[in-house]
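Novice: Take the sequence shown: its position 16, counted from the start at 1, is 16 in my numbering, and no numbers get skipped.
Before we start, here is the structure in question, set down as structure tokens.
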Amino acid sequence: MKHREISLSTGGKDVCSQRDCGKTPKRSLPRKRAEKSGVLDLPGSSRKVNLCSECYSLYKKSTKKNRTLESLGTNPAYR
Ligand SMILES: [Zn+2]
């Protein structure tokens with residue numbers, strides 16, 4: 001077998017997981033959490049995703065909203 005494109009499944013560390021972003025990631029976080037933010041488009045199926053500082057700040061902004069809701073009393077999403 002030729003070994004080509006193996007990096008697609010394992011070595012995708014050096015690129016942000018956001019679709020069409022392709023920047024150098026600064027943070028990695030669980031895919032579930034990133035998807036919950038609703039602001040990111042994350043192709044692939046790895047359990048962790050990498051985000052560059054830009055995409056991470058998008059994610060962060062969205063979680064801030066959630067956090068406000070959570071601090072109102074109900075805390076359904078926080079596990
Ligand atoms: Zn990015």
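Note that beta-carbon positions come from the ideal geometry of N, C-alpha and C, so glycine has one too.
From a predicted model like this one, the values you see are computed outputs, not experimental measurements.
Just the Cα atoms here: how many angstroms apart are Cys21 and Lys60?
Specialist: 17 Å
Novice: Please report the distance separating the alpha-carbon of Asp14 from that of Asn50.
Specialist: Rounded to the nearest angstrom, the two C-alpha atoms are 8 Å apart.
Novice: Bridge partners of Leu51, per DSSP?
Specialist: Arg27
Novice: Between Cys52 and the rest of its own chain, which residues show a CB-CB distance below 7 Å, the 5 nearest in sequence each way excluded?
Specialist: The residues are Cys16, Cys21, Lys23, Thr24, Pro25, Lys26.
Novice: Under 5 Å from any heavy atom of ligand 1, by CB: list those residues in chain order, please.
Specialist: Cys16, Gln18, Cys21, Lys23, Cys52, Cys55
Novice: To the nearest angstrom, how far is the alpha carbon of Lys32 from that of Tyr56?
Specialist: 14 Å
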